[in-house]
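Residue numbers (the numbering used here), protein chains in the order written: chain A, 50 to 676; chain B, 1444 to 2030. Note that beta-carbon positions come from the ideal geometry of N, C-alpha and C, so glycine has one too. What you are looking at is a predicted structure, and each value in this text was computed from that prediction instead of being measured. These notes concern the structure reproduced below.
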Amino acid sequence: MSFKKIDTKVLGRVMGRVLGYMLKRYWLAFIIVIICIIGAALATLQGTLFMQSLYDDYIAPLMLSETPDYSGLSAALFRMGCIYAVGIVCAYTYNRIMVNVGQGTMRNLRIELFHHMESLPIKYFDTHAHGDIMSIYTNDVDTLRQLIGQSIPQVVNSLVSIVTTFASMFLLNLPLTLLTILMIVVMLFVTSKIAAKSALYFGKQQKDLGRVNGYIEEMMEGQKVIKVFCHEEKSIEQFKQLNDELRDSARNANTFANITMPVNANIGNISYVLCAVVGSIMALSGYPGLTLGLLVTFMTLNRNSSMPVTQISQQINSIVMAMAGAGRVFSLLDEKPEEDNGYVELVNARENPDGTVSETTQRTGVWAWRHPHRAEGTITYTKLECDITFNDVDFGYNEDKIVLHNIKLYATPGQKIAFVGSTGAGKTTITNLINRFYDIQDGKIRYDNININKIKKADLRRSLGMVLQDTHLFTGTVMDNIRYGRLDATDDECIAAAKLANADGFVRRLPDGYQTMLTGDGANLSQGQRQLLAIARAAVADPPVLILDEATSSIDTRTEKLVQEGMDRLMKGRTTFVIAHRLSTVRNSDCIIVLEQGRIIERGTHDQLIAAKGRYYQLYTGNSISA
Amino acid sequence: MVRTLLRQIKQYKKVSLLTPVFTALEVVMEVAIPFAIAYLIDKGISAGDLGQVYLYGGIMLVMAFFSLLFGALAGKYAAAASSGFACNLREGMYESIQRFSFSNIDKYSTAGLVTRMTTDVTNVQNAYQMVLRIAVRAPVMLVCSLAMCFFINAEMSSVFLIAIAILAAGLIFIMLTTMKIFDQVFHKYDDLNASVQENVSAIRVVKAFVRETYENEKFTKAAERLYHMFVKAESRLAFNNPLMMFVIYSCMIGLSWLGAHNIVGGTLSEGELTSMFTYVMSVLMSLMMLSMIFVMLTMSLASGRRIAQVLEEQPDITNPNNPLMEVESGSIDFNKVNFCYKHGSGEDTLRNIDLHIKAGETIGIIGGTGCGKSSLVSLISRMYDVTKGSVCVGGHDVREYDLEVLRDAVAVVLQKNVLFSGTILDNLRWGKEDATEEECREVCRQACADEFIERFPDGYNTWIEQGGANVSGGQKQRLCIARALLKHPRVLILDDPTSAVDTATDAKIREAFAQKIPGTTKLIIAQRISSVQGADRILVLNNGIVNGFDTHENLLKTNEIYRDIYETQTQGGGDFDQPGASEGGAD
């Protein structure tokens, strides 16, 4: 069977972890479930065993008596009714409890997954395809739901029935029991042979399916190009080829899977018949104690014995699949969260007449760094000035591939620093180091003369406003999206921010104004409008330092002017790092930094750089030769 | 909807019919076994006749063997039928999509179409296989078992009917009420997943604004809500199993009581009672199976609907009868054209466009986003049909031409262009299937693509990854231009094709156009004034209306919008950053 190929040790460990996860919160419920499953199984068994006494103790004597007295039978049936009632109550109880256990575990798992995901470093999202992360939430958690909700109770149920059924079979008749076991062994053997064949073809089917999916994806993406080039017939032809291959492997895989059920069922039937024949022979040859009632009961037990075995073998496949999913779930949970060893905090402050600052609880617009010194046990306050320096910084996404070399720069409060250079030169990367999306390999970055590694990440980021190149909006109203910048902002503050960002005009023209719902990343807005909202979002946060990544995509001239004005207003009076694509932004900067292949190759003001006739001059005049 | 899907069974009708036939035979054999047991008990054991035991035992073994054979055959045919059906569904959809016009394509998202062709087809395939096997099996089992019961003892069997009615009513009630809740649950579930998706793609925003806790709280609340709805739905399903047990146990007790009376009364044998016990289980099991099938079918219903939608989609552009098979010249006329997207806002995208372009002219088109530039040019190759007025190429309405002839004569380089996995030569030959390598080299020279292709180690045989992932944006654009040039078209339409190419190369490409293909009418949409200022005439579009159509010099004098764009681009508002060849790498 396919599960043999997977390392059973790993499988066991993952399974243990899943069970552990479930039992951690629901151990009591699970014990009750097991007791109830046993109760229900015993009731069923009682029913089967009752057959024997029905035939031997009631029907046979009744047939002999002249005046049949049914009171004994009715009392026995009443007793059975009570036992059955208990069984039914047990069945309901465990079914009902399992709903809470299964769904509750899923809920906890989802929440834990999400919380953990939010704590992961950006690097995780860079190195994992978003589709793969999503598939953990959808496919993998779903297979786990199947496992906990169905497979686990069913396996427990089957195990209990196997134990109780075989135990009673042994007590009733040994030779017939051995016969039954022999047939089950045959069944398992045949099943595993078929399953092995089936697994082989399923593997091929999976591969073919992948190829068909890939082809469809590529062609759908380029559907308009296909039309433009009248390439329809040819692409249908290619598709047919792949599609036919998939059909053949799917047919083979399913054939073997489909055969399993009738084979199992009929080996069960054969076992049943053999049992009847052998039992009859034994009874007729006078085997001690083998009455008609016993034989009938045994045959029912024989019928019941093959069912749980089949069920378990069917569950094994889905358990193996769920384990693969669980493995992926746990590997996300095992990812190391973003490290934060910072201890310097950002606090509201008040300036004292003597020039020092002290902490307050009110929002004053003045901020200070609260810097505890563990060695001396003292706390110092440094006013937030927004003075940022890079000292010989090296950085690489991987240890062995450095993408930024010897970056040295400083920004004094209120300055505007522009980064220019071709795509891939490292402009965005530099800004991602300031807010510690990534940690540097070598050198130092200081913020108001504090090493940024000592600042708590949350506080560091709160002091930096970001407008990213790709605008991402969230499901919710326009107002919610603006308020994302500062959760306690009032409606008026949000509207004021929208006005500053030039977003107010278009928002008011939306059907529900600020209450218009945005869905699917703001799909109902144009690129330019989304940018305006992103600026408003940064404006409401009112951060002392700004990081702007100007969008490259072309938007129409009118909106572009609005975006430009909004950005300019936002930058006023703040230390700003801007990844510039627009000439006006660059020209008005206090310092322009030209990057190429991770190194600063030129720096200065616009006039200085034009005079130098270097790379900047080339970029500016558009005479660059494609590298 | 179901009929549309069933029409795709085609050559698999025979196997589709064989499956239920063999399944039915299998079931009949299976049902007969307990019946034979009754004889074995009564004539063999009770009568003490060993010969009868062997006889009936042998008969049953043969029946079990046939049951196995029929079952295996049914399984085999079911696999062939369902995988063939799925194959036809995929092929049918694929062919249908290939017939789509642009406005049909606009209606669906790429991801949506991919899901329909993969996940949805798999769902329907599984459902189909289940219908062929189990949906036949369960009712046949039900009917046969019931018939057997009545045959053995009609009076006792009527007890079953009551039990069946109770069980069926109970199951239907549970299913109907939970189904409604499940519908809402899956809706909520989608919302939850959408919010995860949002957080994954916007993780930088979340982190930049330090909103992890906020998002966590939001998610926790949503997950709790989902939990409560799931529990509500599933706690009803929890009644299924106990209900089933209740009915089975009641039947057992009833049968025992009535059976004892009947045996004592001499109207029933012990063997027959044993068979009755077996049949009552079979009847109730098949009912349970039916209810499960019902649930699974409704789940695949949504998938079926989505597939049928694609299959039924009517392409809204089709070939005319007696089409013209040659485009005589590259002249283009727009005669009072209005155009509106079918699946858009309903507002006219283009209004009263009246333009006349001579063969061989070079026309620049400029205007803000959403002003209708791309819509305008896509009418020429009849990607969309006009709402009012007419578009003529070579003096004839585009609706009179054979589509393939027209599109071969009018080459378009789309704004969102795509390369396919294959070598560079493979990709170029999309333009002309039998192009020689020399022809390909020539067009690459014109598109200034030769310089970088020749620097690749494998040259023209370099493998292009899906979507052109291993070439830069500028390189991709130049390859796409070369691909279009290979068609040797009468009209060449370029929709912002050089946005990622630096200005110098851009100029070189334009020069090549002027020298190498002077007879071809060229329409160039651009954001940069520099890309169009050398054109014979420039069209300024604004909000779907022609605002100006003249030479660069005249427009500068007379056209306010044009002058405005010109000034912002040359005096500090333009696109400063000219990406180099390294574009596409991680920034």
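{"Item": "Chain-ordered residues of the stretch 1698-1718 of chain B with a beta carbon less than 7 angstroms from chain A", "Value": "S1699, W1700, A1703, I1706, V1707, E1713, T1717"}
{"Item": "Span of the alpha helix (DSSP H), counted from its first residue to its last, around A2031 (chain B)", "Value": "Past the edges of chain B, shown from 1444 to 2030, lies residue 2031 (chain B), and the structure says nothing about it."}
{"Item": "For I2008 (chain B), three-class secondary structure by DSSP", "Value": "helix"}
{"Item": "Any C-beta of chain D under 9 angstroms from that of P311 (chain A)", "Value": "Looking at the structure shown, chain D is missing, and the protein chains on hand are A and B."}
{"Item": "Which of helix, strand or coil DSSP assigns to H422 (chain A)", "Value": "strand"}
{"Item": "Where V59 (chain A) falls, given that 16 or more other Cβ within 10 Å makes a residue buried", "Value": "exposed"}
{"Item": "Neighbour-count burial assignment, E388 (chain A), 16 or more Cβ in a 10 Å radius", "Value": "exposed"}
{"Item": "For C1883 (chain B), the three-state DSSP class (helix, strand or coil)", "Value": "helix"}
{"Item": "Coil, strand or helix - F1682 (chain B) by DSSP", "Value": "coil"}
{"Item": "Cross-chain neighbours of W1873 (chain B) in chain A, by beta carbon under 7 angstroms", "Value": "F278, H280"}
{"Item": "Entirely enclosed beta strand (DSSP E) segments - the stretch 1684-1747 of chain B, minimum 3 residues", "Value": "none"}
{"Item": "For K246 (chain A), the three-state DSSP class (helix, strand or coil)", "Value": "helix"}
{"Item": "Option nearest S247 (chain A) by Cα separation, candidates A:N307, A:G571, A:P202", "Value": "A:N307"}
{"Item": "Expected contact under 8 angstroms - CB spacing of A1666 (chain B) and R159 (chain A) to nearest Å", "Value": "5 angstroms"}
{"Item": "Under 8 angstroms from the C-beta of F1545 (chain B): neighbouring residues of chain A", "Value": "K273, K276"}
{"Item": "Any 3 or more C-beta pairs closer than 8 angstroms across the stretch 1763-1780 of chain B and the stretch 1910-1925 of chain B", "Value": "no"}
{"Item": "Cutoff 9 angstroms: Q1421 (chain B) Cβ touching any chain A Cβ", "Value": "This structure does not reach residue 1421 (chain B), given that chain B is present from 1444 up to 2030, and the question cannot be answered."}
{"Item": "Proximity test, Cβ basis, 9 angstroms: F1616 (chain B) and chain A", "Value": "no"}
{"Item": "Pair within 9 angstroms by beta-carbon distance, T1805 (chain B) and T1946 (chain B)", "Value": "no"}
{"Item": "For E1771 (chain B), the three-state DSSP class (helix, strand or coil)", "Value": "coil"}
{"Item": "Sequence-distant residues of its chain with Cβ nearer than 6 angstroms to M515 (chain A) (five each side left out)", "Value": "I596"}
{"Item": "Through-space distance from D1776 (chain B) to T1792 (chain B), alpha-carbon basis", "Value": "18 angstroms"}
{"Item": "Coarse secondary structure for D1797 (chain B), derived from DSSP in three states", "Value": "strand"}
{"Item": "Cβ of I268 (chain A) within 9 angstroms of any chain B Cβ", "Value": "For clarity, residue 268 (chain A) is Met in the given sequence; the question names Ile instead. Chain B contact via Cβ: present."}
{"Item": "Distance between T1656 (chain B) and L1937 (chain B) (C-alpha atoms, nearest Å)", "Value": "48 angstroms"}
{"Item": "From B:E1715, B:E1534, B:T1447, residue whose alpha carbon lies closest to that of G1487 (chain B)", "Value": "B:E1715"}
{"Item": "Boundaries (first-last residue) of the alpha helix (DSSP H) holding E161 (chain A)", "Value": "120-167"}
{"Item": "Helix, strand or coil at S603 (chain A) [DSSP, three-state]", "Value": "For S603 (chain A), the predicted structure reports a pLDDT of 49, less than 50, and the residue's modelled location is therefore unreliable. A value from the coordinates is still provided. S603 (chain A) falls in the coil class under three-state DSSP."}
{"Item": "Reduced DSSP category for K1831 (chain B) - H, G, I as helix; E, B as strand; rest coil", "Value": "strand"}
{"Item": "Contact list for the stretch 525-542 of chain A against chain B, Cβ threshold 7 angstroms", "Value": "Y533, G534, L536"}
{"Item": "Closest by C-alpha distance to R1679 (chain B), when choosing among A:E266, A:R623, A:M147", "Value": "A:M147"}
{"Item": "Partner residues on chain B for F163 (chain A), Cβ-Cβ distance less than 7 angstroms", "Value": "V1639, N1659, F1662"}
{"Item": "Buried versus exposed call for N292 (chain A) [16 or more other C-beta atoms within 10 Å across all chains shown]", "Value": "buried"}
{"Item": "Burial state of K73 (chain A) (16 or more Cβ within 10 Å)", "Value": "exposed"}
{"Item": "Buried versus exposed call for T1620 (chain B) [16 or more other C-beta atoms within 10 Å across all chains shown]", "Value": "exposed"}
{"Item": "CB contact check: S1746 (chain B) to chain A, cutoff 9 angstroms", "Value": "no"}
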